[in-house]
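Asker: This is the structure I want to talk about, given as structure tokens.
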Amino acid sequence: MKLLYAVCHLLSLAPWLVCCVPPIWTQPEQVHLSYPGVPGSMEVTWTTFNSTNSTVEYGLLGARLFDTSVQGMSTLFVDSGDEKRAMYIHRVVLSGLKPASTYVYHCGSDEGWSEVFYFTALNDSLLFSPKFALYGDLGNENPQSLARLQKETQRGMYDVILHIGDFAYDMHEDNGRIGDEFMRQIQAIAAYVPYMTCPGNHEATYNFSNYRNRFSMPGQTEGLWYSWNLGTVHFISVSTEVYFYLEFGLDLLFRQFAWLKQDLEEANRPENRAARPWVVTMGHRPMYCSDDDQDDCTRFDSYVRLGRNDTRPPAPGLEDLFYHYGVDLELWAHEHTYERLWPVYKDKVYNGSTEHPYVNPKAPVHIITGSAGCRERTDRFNPHPKDWSAFRSTDYGYTRMQAVNATHLYLEQVSDDQDGKVIDSIWLLKDKHGPSAWL
Ligand SMILES: *[C@@H]1O[C@H](CO)[C@@H](O)[C@H](O)[C@H]1NC(C)=O
Ligand SMILES: *[C@@H]1O[C@H](CO)[C@@H](O)[C@H](O)[C@H]1NC(C)=O
Ligand SMILES: *[C@@H]1O[C@H](CO)[C@@H](O)[C@H](O)[C@H]1NC(C)=O
Ligand SMILES: *[C@@H]1O[C@H](CO)[C@@H](O)[C@H](O)[C@H]1NC(C)=O
Ligand SMILES: *[C@@H]1O[C@H](CO)[C@@H](O)[C@H](O)[C@H]1NC(C)=O
Ligand SMILES: *[C@@H]1O[C@H](CO)[C@@H](O)[C@H](O)[C@H]1NC(C)=O
Ligand SMILES: *[C@@H]1O[C@H](CO)[C@@H](O)[C@H](O)[C@H]1NC(C)=O
Ligand SMILES: [Fe+2]
């Protein structure tokens, strides 16, 4: 007996036994929410490694737990890495939710249930003043702002989170395990409020398949471009990456452009713009920036801003389109810094007035917020920024925004380095929206 024990010990059988207890592949993980764009709805997305049913059980906070049960669907996602790791992505849309009511839910199947989470159904009133946290470039390693965002989100400070591209660094790495790891990290945020996304360059591997498979955004484009409404805001999310990864299809660039034109046309119909005067865009790579990183803003004219003339046919950029349709605010990331710009069009500043540049500005306002924290750390600034650069910071952090009402929108920058201090803030005031506001 003693000898056997010794032999086992020698061969390290104990760890071998531990490692071979079969994991529970039917257990839900990586739970996150998104807003499908239909008032009174919420989508729950999660992962299992074996095929299971897709069920969400939920109920109003304070009422009987889980009195409603909804079935959804799962799709098999096979990562394109060497191991061809397979996982099931489950999606369930909850509908008919009572606006502004809090629900308790869990998800999974009779082969395994998630932890219990809660969310507040978005208030669908045009008078609602939603609060956002927004940032780009948050990684699995060195996610500086994550803890603060987790705490603030769980305390109810935000209605929606916007992640403006570049996730995990990179989701496809280690055969998709970095993607799994990252989705587990953001669960402490994303299982409580809708987590709305757009693709960045770090998602490009295997034609953005990790991005397209893991998130569930409105529309039929696998989250590449889409729009949705909340309070007084019409939000448009775009893929700036269609200007860079032509190998995945130049048609994507033209399809997005055509869709954008139509979406902006619709948003500007007088009755729509009257109801939702703010048009806010988000996309990963900025049109303007002053980082010293030899990237597209500083080294050559931005493809996103001006388009490309080396494609057949030439590809139109987004600056003229957004200006023409009176986009109020453009949110970007990619540069691992924070930068606020004076109202700008065609490289020229169009302040509302010198004393009050953001009161009735004569061009769109741009914010670049890509300093949430990732393994690439923060970037350095070019010491001689152009006239349009209003405020810059290399601190880790993120942006808060509140669309207060038809005339008032507030933005502030949180420094994680300075223990959550607000280091920049503006009120954007507009009596008039749409292209006529520029005149
Ligand atoms: C369950 O998932 C594991 C890990 O992906 C896989 O090895 C196994 O074949 C799966 N089993 C079934 C029944 O699908
Ligand atoms: C999955 O759902 C179907 C239909 O509701 C049900 O018949 C089946 O028993 C469920 N399977 C498991 C493993 O729970
Ligand atoms: C939604 O927000 C509006 C504006 O703040 C408020 O008047 C209304 O009561 C809210 N709706 C609900 C159901 O709480
Ligand atoms: C890349 O993915 C997009 C979105 O699914 C698809 O339309 C396109 O055809 C794909 N490109 C290639 C080269 O497979
Ligand atoms: C093509 O675009 C580049 C900037 O991206 C510009 O420098 C060049 O002059 C343009 N060429 C033509 C023929 O318009
Ligand atoms: C815009 O306003 C800011 C703040 O008052 C000022 O510093 C800047 O010079 C103005 N730019 C122009 C072109 O008027
Ligand atoms: C919009 O919000 C601002 C800031 O809270 C407030 O001063 C203003 O009176 C509001 N306007 C309307 C029409 O309620
Ligand atoms: Fe990026």
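Quick note, the sequence shown lines up with residues -26 to -1, 1 to 413 if you use mature numbering (1 follows the signal peptide of the UniProt record, and there is no 0).
No residue lacks a Cβ here, since even glycine has one placed at the ideal position from N, Cα and C.
1. Can you give me the C-alpha to C-alpha distance between residue 47 and residue 77, rounded to a whole angstrom?
2. To the nearest angstrom, how far is it from the Cα of residue 143 to the Cα of residue 307?
3. Is the beta carbon of residue 382 within less than 6 angstroms of some heavy atom of ligand 7?
4. So if DSSP puts residue 400 in a beta bridge, which residue, or which two residues, is it bridged to?
5. Taking contact to mean 3 or more Cβ pairs, one atom from each stretch, closer than 8 angstroms, check whether the stretch 176 to 194 and the stretch 235 to 255 are in contact.
6. What span of residues does the beta strand (DSSP E) with residue 312 cover, start to end?
7. Taking a contact to mean a Cβ-Cβ separation below 7 angstroms, would you say residue 172 touches residue 257 in this structure?
8. Consider the C-beta atom of residue 407 and the heavy atoms of ligand 8; say whether any pair is separated by less than 6 angstroms.
9. What residue from 236, 188 and 340 has the CA that sits closest to residue 364's CA?
10. How do the stretch 285 to 305 and the stretch 231 to 239 stand: do at least 3 beta-carbon pairs fall below 8 angstroms, yes or no?
11. Who are the Cβ neighbours of residue 57 in its own chain at under 8 angstroms, not counting the five residues just before and after it?
12. Report the partner residues of residue 45 according to the DSSP bridge assignment.
13. With respect to the alpha helix (DSSP H) encompassing residue 183, which residues constitute its N-terminal and C-terminal limits?
14. For the stretch 102 to 117 against the stretch 34 to 53, are there 3 or more C-beta pairs whose distance is under 8 angstroms?
15. Please tell me whether, using a cut-off of 6 angstroms, the distance from the CB of residue 102 to the nearest non-hydrogen atom of ligand 3 is below it.
16. Shortest alpha-carbon distance to residue 342 belongs to which of 24, 294, 367 and 209?
17. Could you tell me if residue 232 is buried or exposed, where buried requires 16 or more neighbouring beta carbons within 10 angstroms of its beta carbon?
18. Can you list the residues near ligand 5, meaning Cβ strictly closer than 5 angstroms to any non-hydrogen atom, in the order they appear in the chain?
19. Give the DSSP-derived three-state secondary structure of residue -15 in the structure shown.
20. Residues near ligand 1, CB to any non-hydrogen atom under 5 angstroms, in chain order?
21. Could you check the C-alpha separation between residue 396 and residue 133 for me, to the nearest Å?
22. Quick one, are the C-beta atoms of residue 440 and residue 118 less than 7 angstroms apart?
23. Could you please give me the residues that DSSP links to residue 107 through a beta bridge?
24. First and last residue of the alpha helix (DSSP H) that includes residue 279?
25. Within 10 Å of its beta-carbon, does residue -11 have 16 or more other beta-carbons around it, so buried, or fewer, so exposed?
26. So what does DSSP say about residue 220, is it helix, strand or coil?
27. Can you tell me the Cα-Cα spacing of residue 67 and residue 125, whole angstroms?
28. Would you check if the stretch 156 to 167 and the stretch 88 to 96 touch, i.e. whether three or more CB-CB distances between them fall below 8 angstroms?
29. Below 7 angstroms CB to CB, which residues in the same chain sit around residue 381 once its five sequence neighbours on both sides are set aside?
30. What number of angstroms, rounded off, separates the C-alpha of residue 9 from the C-alpha of residue 71?
31. Can you tell me where the alpha helix (DSSP H) holding residue 176 begins and where it ends?
32. Please determine whether the Cβ atom of residue 222 lies at a distance below 6 angstroms from any heavy atom of ligand 4.
33. I need the boundaries of the beta strand (DSSP E) containing residue 57, first residue and last residue.
Answerer: Concretely, from the data shown:
1. Put simply, the backbone Cα of residue 47 is about 21 angstroms away from that of residue 77.
2. Those two C-alpha atoms are separated by around 14 angstroms.
3. When distances are taken from the beta-carbon of residue 382 to the heavy atoms of ligand 7, the shortest one is below 6 angstroms.
4. Paired residue(s): 385.
5. The stretch 176 to 194, when compared against the stretch 235 to 255, does not touch it at the 8 angstroms Cβ threshold.
6. For residue 312, the uninterrupted beta strand (DSSP E) segment begins and ends at 312 to 315.
7. Contact: yes.
8. False, no ligand heavy atom lies under 6 angstroms from that Cβ.
9. Residue 340 is the option with its Cα nearest to residue 364.
10. By the Cβ rule, the stretch 285 to 305 counts as touching the stretch 231 to 239, because three or more pairs are nearer than 8 angstroms.
11. Excluding residues within five positions, the ones whose Cβ falls inside 8 angstroms are 149.
12. The partner list for residue 45 (beta bridge, DSSP) reads 29.
13. Looking at the DSSP string, the run of the alpha helix (DSSP H) that includes residue 183 is 179 to 188.
14. Judged by pairs of C-beta atoms under 8 angstroms, the stretch 102 to 117 does not touch the stretch 34 to 53, as fewer than three such pairs exist.
15. Checking every heavy atom of ligand 3 against the Cβ of residue 102, one is found closer than 6 angstroms.
16. Residue 342 has its Cα closest to that of 367, out of 24, 294, 367 and 209.
17. In the assembly as shown, residue 232 is an exposed residue. Its beta-carbon has fewer than 16 other beta-carbons within 10 Å.
18. For ligand 5, the selected residues are 275 and 283.
19. Note that residue -15 scores a pLDDT of 47, beneath 50, so its modelled location is shaky; the value from the coordinates is reported in the next line. In this structure, residue -15 counts as coil in the three-state DSSP scheme.
20. Listed by position along the chain, the residues with Cβ atoms less than 5 angstroms from a non-hydrogen atom of ligand 1 are -2, 23 and 24.
21. Going by the C-alpha atoms only, they are around 19 angstroms apart.
22. Because the chain is modelled from -26 through 413, residue 440 falls outside the range shown and cannot be assessed.
23. DSSP lists 135 and 374 as partners of residue 107.
24. For residue 279, the uninterrupted alpha helix (DSSP H) run begins and ends at 277 to 280, by DSSP.
25. The pLDDT assigned to residue -11 is 48, lower than 50, so where the model puts this residue is not dependable; a value taken from the coordinates is nonetheless given after this. Residue -11 sits exposed, since fewer than 16 C-beta atoms from the chains shown fall within 10 Å of its C-beta.
26. The DSSP-derived three-state label of residue 220 is helix.
27. Each residue's CA atom was taken as its position, placing residue 67 and residue 125 some 26 angstroms apart.
28. Yes, the stretch 88 to 96 touches the stretch 156 to 167.
29. Counting only Cβ-Cβ distances below 7 angstroms, and skipping sequence neighbours, we find 403, 404 and 405.
30. Each residue's alpha carbon lies about 12 angstroms from the other.
31. From DSSP, residue 176 is part of no alpha helix (DSSP H); its letter is neither H nor E.
32. At least one heavy atom of ligand 4 sits closer than 6 angstroms to the Cβ of residue 222.
33. Per DSSP, residue 57 belongs to no beta strand (DSSP E) and is neither H nor E.
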